[in-house]
Amino acid sequence: MVERLRHEICRLADIHGNALALEAVLRDMEGLGLSEAVNLGDVFSGPLEAGRTAQMLMGRGFPSIRGNHDRYLIEHDPAEMGPSDRVAYDQLEAAHLEWIAGLPPTRLVFGDVFMCHGTPQSDSVYWLEKVEGDGRVRPATLAEIEAEAEGGSAGLILCAHTHIPRCLRLSDGRVVVNPGSIGCPAYDDGAPVYHVMQTGTPNASYAVVEKREGAYDVTFRSVPYAAQEASALAARNGRADWARSLATGWFGA
Numbered sequence: 001m002v003e004r005l006r007h008e009i010c011r012l013a014d015i016h017g018n019a020l021a022l023e024a025v026l027r028d029m030e031g032l033g034l035s036e037a038v039n040l041g042d043v044f045s046g047p048l049e050a051g052r053t054a055q056m057l058m059g060r061g062f063p064s065i066r067g068n069h070d071r072y073l074i075e076h077d078p079a080e081m082g083p084s085d086r087v088a089y090d091q092l093e094a095a096h097l098e099w100i101a102g103l104p105p106t107r108l109v110f111g112d113v114f115m116c117h118g119t120p121q122s123d124s125v126y127w128l129e130k131v132e133g134d135g136r137v138r139p140a141t142l143a144e145i146e147a148e149a150e151g152g153s154a155g156l157i158l159c160a161h162t163h164i165p166r167c168l169r170l171s172d173g174r175v176v177v178n179p180g181s182i183g184c185p186a187y188d189d190g191a192p193v194y195h196v197m198q199t200g201t202p203n204a205s206y207a208v209v210e211k212r213e214g215a216y217d218v219t220f221r222s223v224p225y226a227a228q229e230a231s232a233l234a235a236r237n238g239r240a241d242w243a244r245s246l247a248t249g250w251f252g253a
C-alpha cells in the first residue's frame, strides 16, 4: 500500500482472542462510519475465543503484523506453550496458523506509517514504558524512546505490546501511538522481572488516526462490551487471573 494517509484509519492491537471485545470495536467503528484499520499483532493468544476471533478478523484484509504471542504460536511446540498460547493453539485451524506465519514483524503502510508490535527491533520489548529492577513500571523517557526510533523516517509510528494507550511526539516531529489493547486490559509478566501492567478499565481500547494539514489527529476509543461474559469464559477455562483482569481492568482486583 503506497497511498498517503488521507482519511481516518483505526489502529487495532492486542486482541488476544477476545472475540466479544473485537465484536464491540467493529460495531463502534461501523457507528463512526469507519471500515479501514491496521492490526498490530497478538491476535489470538488467550483463554477465550481464538477461533471466532480468526473468523471475524482474517477476512477483512486489514494490513497486519505479527506480535510476540502470534510468533510463539508458530515457533513453540504445543506441549511447551504457556497456558494462554496453548488454549488459543488448540482452537486454531491450519489456515489460521499459516496466516500468522505469513505476517511480517514490521510493516510500512500508507507511505508514511510504520507498524511494529514492541519496538522496531523487537516484538517482545516494551517501548513507551520501562520496567525497573524492583518491578515498578514507569513511562520511558524521551531519550529512551528516541533511541529505539533511530533510523526511521515514517511520520507516524504505531506500536503495541504494553496494552497501555499512549500518544507522544518525538523531538523531530514524528508521532508514536500505542492504541492500547482490545482484549486484555491487565496482565502480569516475569520478564525482565516480575511486573504488572493494568489499564484500570475493562473496556476495549483502540485508536482512530487522521492526518490533517500535515499533523496527526489521534482519538482513543474506550468501548464497553460484555466484559463479564468474557471474564466468565476465562474462568471456565481455568484462568482466574484473566477473569479478574477482564472483569475490572486491574490485575489483582
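Note that my numbering gives residue 204 to position 204 of the sequence shown, counting from 1, and the numbers run on in steps of one. Heads up, the beta-carbon is just placed ideally off N, CA and C, and yes, glycines get one too. Quick caveat, the model's predicted, so the values are computed rather than measured.
1) Quick one: residues in its chain with C-beta nearer than 7 Å to the C-beta of R236, no 5 flanking neighbours on either side, listed in chain order?
2) As a quick exercise: from E213, V218, T162, D188, pick the residue whose alpha carbon is nearest that of E122.
3) For A88, which option in H16, N178, K130 has the closest C-alpha, if you only look at C-alpha atoms?
4) How is the beta strand (DSSP E) around N178 delimited, first residue to last?
5) Kindly indicate which residue of K130, L158, T141 has the alpha-carbon position closest to the one of P105.
6) Would you say D70 and D90 are within 9 Å of each other, going by their C-beta atoms?
7) Does the region 189-208 come within contact of the region 124-136, defined as at least 3 CB pairs closer than 8 Å?
8) Measuring alpha carbon to alpha carbon, tell me which of R60, W242, A54, L57 ends up nearest S84.
9) Which value, in whole angstroms, describes the spacing of the CA atoms of I182 and E80?
10) Label R221 either buried or exposed according to how many other C-beta atoms from any shown protein chain fall within 10 Å of its C-beta, with 16 as the threshold for buried.
11) Would you list the one or two residues that DSSP bridges to I157?
12) How about V176 and I9: are their beta carbons less than 9 Å apart?
13) Span of the beta strand (DSSP E) holding S222?
14) Under 7 Å Cβ to Cβ from A230, same chain only, skipping five residues before and after it: list those, please.
15) In the structure shown, what three-state DSSP assignment does H96 receive?
16) Assign P139 to one of three DSSP states: helix, strand, or coil.
17) Skipping 5 residues on each side, what residues in its chain have a beta carbon closer than 6 Å to that of R239?
18) By Cβ distance below 6 Å, which residues in the same chain neighbour A13 in space, the five residues on each side in sequence not counted?
To lay it out plainly:
1) Locating residue 236 in the sequence shown gives position 236, where the first residue counts as 1. For R236, where only same-chain residues beyond five positions count, there are no Cβ hits under 7 Å.
2) As a working mapping, residue 122 is identified with position 122 in the sequence shown. Looking at the sequence provided, one finds Ser at residue 122 rather than Glu. Relative to S122, the option among E213, V218, T162, D188 whose CA is nearest is T162.
3) Counting from one through the sequence shown, the residue named residue 88 turns up at place 88. Among H16, N178, K130, the Cα nearest to that of A88 belongs to H16.
4) Stepping through the sequence shown from its first residue, residue 178 is reached at position 178. Residue range 175-178 is occupied by the beta strand (DSSP E) that includes N178.
5) Position 105 of the sequence shown, counted from the first residue, corresponds to residue 105. Out of K130, L158, T141, L158 has the C-alpha closest to the C-alpha of P105.
6) To locate residue 70, count along the sequence shown from 1; it is residue 70. To locate residue 90, count along the sequence shown from 1; it is residue 90. Their beta carbons are not under 9 Å apart, which means D70 does not touch D90 by this criterion.
7) Counting Cβ pairs under 8 Å, three or more are found: they touch.
8) The sequence position of residue 84 within the sequence shown is 84, counting from 1. Here the closest residue by C-alpha is W242.
9) For this step, residue 182 is matched to residue 182 along the sequence shown. For this step, residue 80 is matched to residue 80 along the sequence shown. In a straight line, the C-alpha of I182 is about 26 Å away from that of E80.
10) In the sequence shown, the residue the question calls residue 221 occupies position 221. Residue burial annotation: R221 is buried, with at least 16 other C-beta atoms found within 10 angstroms of its C-beta.
11) Against the sequence shown, residue 157 aligns to sequence position 157. Answer is F114, V176, bridged to I157.
12) Taking the first residue of the sequence shown as 1, we reach residue 176 at position 176. Taking the first residue of the sequence shown as 1, we reach residue 9 at position 9. At the C-beta level, V176 and I9 stay beyond 9 Å of one another.
13) By 1-based counting over the sequence shown, the position of residue 222 is 222. Segment 215-223, the beta strand (DSSP E) holding S222.
14) Within the sequence shown, residue 230 is the residue found at index 230, counting from 1. For A230, same chain residues with a beta-carbon under 7 Å away, outside a window of 5 residues either side, are N18, L20, A21, L48, L246 in chain order.
15) Here residue 96 refers to the residue found at position 96 when the sequence shown is read from its first residue. Of the three classes helix, strand and coil, the one that applies to H96 here is helix, per DSSP.
16) Numbered from 1 along the sequence shown, position 139 holds the residue referred to as residue 139. The three-state reading of DSSP puts P139 in strand, counting E and B together.
17) On the sequence shown, residue 239 is found 239 positions in, with the first residue counted as 1. Only P47 meet the Cβ criterion.
18) Locating residue 13 in the sequence shown gives position 13, where the first residue counts as 1. Excluding residues within five positions, the ones whose Cβ falls inside 6 Å are L40, A160, P179.
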